[in-house]
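Q: Handing you this structure, nothing more for now.
Number of protein chains: 2
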Amino acid sequence: MTAQQQFFIGIDGGGTKCKARLEDANGTLLVEAIAGPANAARDLDGTLHSIYMACDMLLSQVADLNISYAQIHAGIGLAGVNLPHVKEELLARKHPFASQVISTDLHIACLGAHSGEDGAIIITGTGSSGASIVNNKCIEIGGHGFVVGDKGSGAWLGKMAVTHSLEALDGIITPCILSQSVLDVLQCKTAYDLVTMSINAKPAFFAQLAPLVLNLATDKQPAAITLVSDGANYISQLARCLMQQASSRISIIGGISSLLIPWLAPDVRAILSDAKLPPEAGAILLAKTNLTQ
Amino acid sequence: MTAQQQFFIGIDGGGTKCKARLEDANGTLLVEAIAGPANAARDLDGTLHSIYMACDMLLSQVADLNISYAQIHAGIGLAGVNLPHVKEELLARKHPFASQVISTDLHIACLGAHSGEDGAIIITGTGSSGASIVNNKCIEIGGHGFVVGDKGSGAWLGKMAVTHSLEALDGIITPCILSQSVLDVLQCKTAYDLVTMSINAKPAFFAQLAPLVLNLATDKQPAAITLVSDGANYISQLARCLMQQASSRISIIGGISSLLIPWLAPDVRAILSDAKLPPEAGAILLAKTNLTQ
Chain A
94 MTAQQQFFIG IDGGGTKCKA RLEDANGTLL VEAIAGPANA ARDLDGTLHS IYMACDMLLS
154 QVADLNISYA QIHAGIGLAG VNLPHVKEEL LARKHPFASQ VISTDLHIAC LGAHSGEDGA
214 IIITGTGSSG ASIVNNKCIE IGGHGFVVGD KGSGAWLGKM AVTHSLEALD GIITPCILSQ
274 SVLDVLQCKT AYDLVTMSIN AKPAFFAQLA PLVLNLATDK QPAAITLVSD GANYISQLAR
334 CLMQQASSRI SIIGGISSLL IPWLAPDVRA ILSDAKLPPE AGAILLAKTN LTQ
Chain B
94 MTAQQQFFIG IDGGGTKCKA RLEDANGTLL VEAIAGPANA ARDLDGTLHS IYMACDMLLS
154 QVADLNISYA QIHAGIGLAG VNLPHVKEEL LARKHPFASQ VISTDLHIAC LGAHSGEDGA
214 IIITGTGSSG ASIVNNKCIE IGGHGFVVGD KGSGAWLGKM AVTHSLEALD GIITPCILSQ
274 SVLDVLQCKT AYDLVTMSIN AKPAFFAQLA PLVLNLATDK QPAAITLVSD GANYISQLAR
334 CLMQQASSRI SIIGGISSLL IPWLAPDVRA ILSDAKLPPE AGAILLAKTN LTQ
């Protein structure tokens, strides 16, 4: 092994975890690691801590190769980097890598899904958003947070289920399996319990309810079908918007994607492709493109 | 004037202001005053400060009567007192009045609207909620905050209008007069501008957009009609729920009530009655009832 040998690290940082992979210059996967949250808009220092924690975990797993940071080219995709001031602050920090390129989690997911070729992607997990890459230009739409955006996401479905349950407790609508299931899961008996628990809750609190809503919809529970259909209609429209940007392929990934896909419109389901590579591999493609530019 | 002379103060405390009125023992209105916010759940010390500020303003306006706090019986209705721990903490504080009784802003509004008789009330302002009084028992429904509740309120209408505008900026829906008007009023050009402004905004930020949405609905703008109809359907259902509790009269008050009433269902509009007295007069009725119990 020589000091000239080069390695690539790909980072996929999101609100709940930071996934990382190490490849050699031939594109051979050496090891993978997962560290803590990496939402750069919410916690910049914590995000950097998670990134270097993940990198240290990778390097310690291949300690015999004695790789230094100066041999590593990093591709980093992070939630929150779509906000210009967040990206500027990240770029202003000192980084120990031989080179690094920083973009959004959506961008690297889209690069991975289509192996670096043009295409589009929708992520439906705790949040929802979409991106397309056409002629190396990445356009991102959706997102915006679960209070005014993120429709069709896990947090949105959970929030709507809480609203539904409060209306049932108030007598505005008739109680049903969905409203009762939400109360059971959260161990709430009154509207006061449910409001106290949810009034300042983060997206992840609401997203924990999403599988319940999706499974009840699959079981043909009417109130769950109404919520899931409404969210799925939005995601279908998001997909059509992305495909209008001359995208050749579209993939849907994220925590609730497999449960949501059956509810998408037939014209959208017909054009879905499986993602070719995971987001962290897309981050390595970004690092390689950056080197050759 | 003797030390035995008694006076009554009624307080209506909400998220934006605290209204107060002073009456003599015969029920003659002497003076009124308005002080700052009094949402007891959000800021207990600030709420007490607003209450005593309002009382001092009342007494200074009738300084020649030389009224002391020990001559005053206070009826106090406050937002946030529906939360048990907030009410307990308020009752635990020392108060300088001859007597005081503390309840919710909804309760005193309902007492005022029906001059202390049984009846129901809906408040549609920044938030939305309803209450009925039957056999001196007050039942409150709705509310719960604009993220998971408060449907049909000013904050809810504004939040939905922001969501609509973000979808227009993203190309998910076709831009229209509503989406453009929201962007114009808030002086936003991009989704980034609008999200930055609204992501952590308080209910009052969203509620400022409600008159715009309601006026566009009156002007037959389709997207505004959709939002206003959805909110009005909820308020109609809230009214029907309250009337099922054997209420004889129902009134709707609050900042957006006059613009919203034309959108309520005909069966609901047919049973609406004007409020007889304002909430702060209802608070005085509460103080008097408390004295005679």
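First to last, the sequence lines map onto chains A and B.
Letter 78 of the first sequence, counting from 1, is numbered 171 in the numbering used here, and no numbers are missing.
Letter 266 of the second sequence, counting from 1, is numbered 359 in the numbering used here, and no numbers are missing.
Just so it is clear, CB atoms sit at the ideal spot from N, CA and C, and this is done for glycine as well.
As the structure is a prediction and not an experimental result, all values here were calculated from the model.
Compare the Cα-Cα distances from PRO189(A) to each of LEU331(A), TYR145(A) and SER344(A) and report the closest residue.
A: Here the closest residue by C-alpha is TYR145(A).
Q: With H, G and I counted as helix, E and B as strand and the rest as coil, what does DSSP make of ALA368(B)?
A: Three-state DSSP puts ALA368(B) in coil, outside helix and strand.
Q: Name the one or two DSSP bridge partners that GLY227(A) has.
A: Reading off the sequence shown, one finds Val at residue 227(A), where the question assumed Gly. Answer is LYS230(A), bridged to VAL227(A).
Q: Using 10 angstroms around the beta-carbon of MET94(B), count the other beta-carbons present and answer buried if the total reaches 16, otherwise exposed.
A: Since pLDDT at MET94(B) reaches only 47, below the 50 mark, its modelled position is unreliable, and no value is offered.
Q: If I measure Cβ to Cβ from LEU309(A) and keep anything under 7 Å in the same chain, skipping five residues before and after, which residues do I get?
A: Answer for LEU309(A): ILE270, LEU271, SER274 and ALA317, listed in chain order.
Q: Pull up the distance between the alpha-carbon of GLY242(A) and that of LEU262(B), whole angstroms please.
A: Using only the alpha carbons, I get a separation of about 12 Å.
Q: Leaving out the 5 sequence neighbours to the left and right, which residues in its chain are closer than 6 Å to ASN383(A) when beta-carbon positions are compared?
A: The answer, listed in chain order, is VAL194.
Q: Give the C-beta separation of LEU158(A) and ALA126(A) to the nearest angstrom, bearing in mind that I take them to be a contact with Cβ-Cβ under 8 Å.
A: About 15 Å; that fails the 8 Å criterion.
Q: In chain A, which residues lie with their C-beta within 7 Å of the C-beta of GLY347(B)?
A: Going along chain A, no residue has its Cβ under 7 Å from GLY347(B), so there is no contact; the nearest lies around 18 Å.
Q: Just verifying my parser: in three-state terms, what is the DSSP assignment at THR319(B)?
A: Here THR319(B) sits in helix by DSSP.
Q: Which one of THR256(A), GLU210(A), ALA185(A) and LYS180(A) has the shortest CA to CA distance from ASP198(A)?
A: The option with the nearest alpha carbon to ASP198(A) is LYS180(A).
Q: Answer yes or no: does any C-beta atom of chain E fall closer than 7 Å to that of LEU259(A)?
A: Here the protein chains are A and B, and chain E is not one of them.
Q: Report the three-state DSSP secondary structure of LEU158(A) (helix, strand or coil).
A: Here LEU158(A) sits in helix by DSSP.
Q: If you draw a straight line from the C-alpha of ALA430(B) to the C-alpha of ASN175(B), how long is it?
A: No answer is possible for residue 430(B): the residues shown for chain B start at 94 and end at 386.
Q: By the DSSP assignment, the beta strand (DSSP E) with LYS112(A) in it spans what residues?
A: Per DSSP, LYS112(A) belongs to the beta strand (DSSP E) from 111-117.
Q: For LEU122(A), is the classification buried or exposed, using 16 other Cβ atoms within 10 angstroms of its Cβ as the cut-off for buried?
A: LEU122(A) should be labelled exposed.
Q: Three Cβ pairs or more, each shorter than 8 Å: is that satisfied between the stretch 211-228 of chain A and the stretch 340-355 of chain A?
A: The stretch 211-228 of chain A is in contact with the stretch 340-355 of chain A.
Q: Under 7 Å between beta-carbons, which chain A residues line up against SER375(B)? List them in chain order, please.
A: A small correction: the amino acid at residue 375(B) is Gly; Ser does not occupy that position in the sequence shown. By Cβ distance, chain A contributes nothing, its closest Cβ being about 22 Å from GLY375(B), past 7 Å.
Q: Any C-beta of chain A sitting closer than 7 Å to the C-beta of CYS231(B)?
A: Closer than 7 Å: no.
Q: Taking 7 Å as the threshold (beta carbon to beta carbon), is ASP198(A) in contact with chain B?
A: Not closer than 7 Å to any Cβ of chain B, the Cβ of ASP198(A) fails to qualify, so no.
Q: Take LEU379(A) as the anchor and find which of GLY209(A), LYS187(A) and SER350(A) has the nearest alpha-carbon.
A: Closest by alpha carbon: GLY209(A).
Q: Looking only at its chain, what residues have a beta carbon closer than 7 Å to the beta carbon of MET290(A), apart from the 5 residues adjacent to it on each side?
A: Taken in chain order, the residues that qualify are LEU279 and CYS281.
Q: With DSSP as the reference, label GLU182(A) as helix, strand or coil.
A: Note: GLU182(A) maps to helix in three-state DSSP.
Q: Which residue from GLY103(A), SER258(A), PHE239(A) and VAL255(A) puts its Cα closest to that of TRP249(A)?
A: Checking every option, the nearest Cα to that of TRP249(A) belongs to PHE239(A).
Q: Check whether the Cβ atoms of ALA185(A) and GLY251(A) sit closer than 7 Å, and answer yes or no.
A: Cβ distance not < 7 Å, so ALA185(A) and GLY251(A) don't count as in contact.
Q: What does the Cβ neighbour count give for GLY120(B), buried or exposed, with the cut at 16 atoms within 10 Å?
A: Under this definition GLY120(B) is an exposed residue.
Q: Could you pull the start and end residues of the beta strand (DSSP E) that GLY103(B) belongs to?
A: Element bounds for GLY103(B): 100-106.
Q: Compare the C-beta of CYS334(A) against all C-beta atoms of chain B and say whether one is closer than 7 Å.
A: It does: the Cβ of CYS334(A) has a partner Cβ on chain B nearer than 7 Å.
Q: Does the stretch 316-331 of chain A come into contact with the stretch 347-354 of chain A, if we say contact requires no fewer than three beta-carbon pairs (one atom in each stretch) closer than 8 Å?
A: Segments in contact, yes.
Q: What are the residues in the stretch 237-256 of chain A lying within 7 Å of chain B by C-beta distance?
A: So the close ones are HIS237, GLY238, VAL240, VAL241, GLY242, LYS252, VAL255 and THR256.
Q: Identify the contact partners of ILE292(B) in chain A, using a Cβ-Cβ distance below 9 Å as the criterion.
A: The answer, in chain order, is HIS237, GLY238, VAL240 and VAL241.
Q: For ALA447(A) versus GLY375(A), is the C-beta distance shorter than 7 Å?
A: Because residue 447(A) is not part of the residues shown, which for chain A are 94 to 386, the question remains open.
Q: In terms of residues, what are the limits of the alpha helix (DSSP H) holding SER274(A)?
A: 270-279 is the extent of the alpha helix (DSSP H) around SER274(A).
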